[in-house]
Amino acid sequence: MNLNREKGTPVMRPTQEHAAEMEAFREGGLSSTREGRRQRIGQSLIGRILFMVYTARKVAHEKETIRIISARQASKKERAAYAGFED
């Protein structure tokens, strides 16, 4: 695990697996001039509630890949909304 040197807090290094393992609570589009961006709030397999911005791209041989633009722990408000969705 890496730490933020200034704050001493853990730094998350998101992967494509993080995006794939999350069960979506909210998914929506964000505007971008070059690519369609999506946002997702969900729970990872290890129980973290995450907010992620990503885009799906077609690459060689029509294989789709996910490019993670941003990933962070969900805010208190986002976690509360997610908890309400699960009930």
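Take 221 as the starting number for the sequence shown in the numbering used here and just add one per residue.
Heads up, the beta-carbon is just placed ideally off N, CA and C, and yes, glycines get one too.
Computed from a predicted structure; not experimentally measured.
Taking the DSSP output, what are the residues bridged to residue i?
{"i": "Lys297", "result": "Paired residue(s): none; Lys297 is not in a bridge."}
{"i": "Arg287", "result": "Thr275"}
{"i": "Arg292", "result": "Phe271"}
Under a three-way DSSP split, which group does residue i fall into?
{"i": "Gly262", "result": "strand"}
Exposed or buried, residue i, counting other C-beta atoms within 10 Å across all chains shown (16 or more means buried)?
{"i": "Ile269", "result": "buried"}
{"i": "Arg260", "result": "buried"}
{"i": "Phe305", "result": "exposed"}
{"i": "Ala371", "result": "Since the first residue of the chain shown is 221 and the last is 307, residue 371 is not available in this structure."}
{"i": "Gly262", "result": "buried"}
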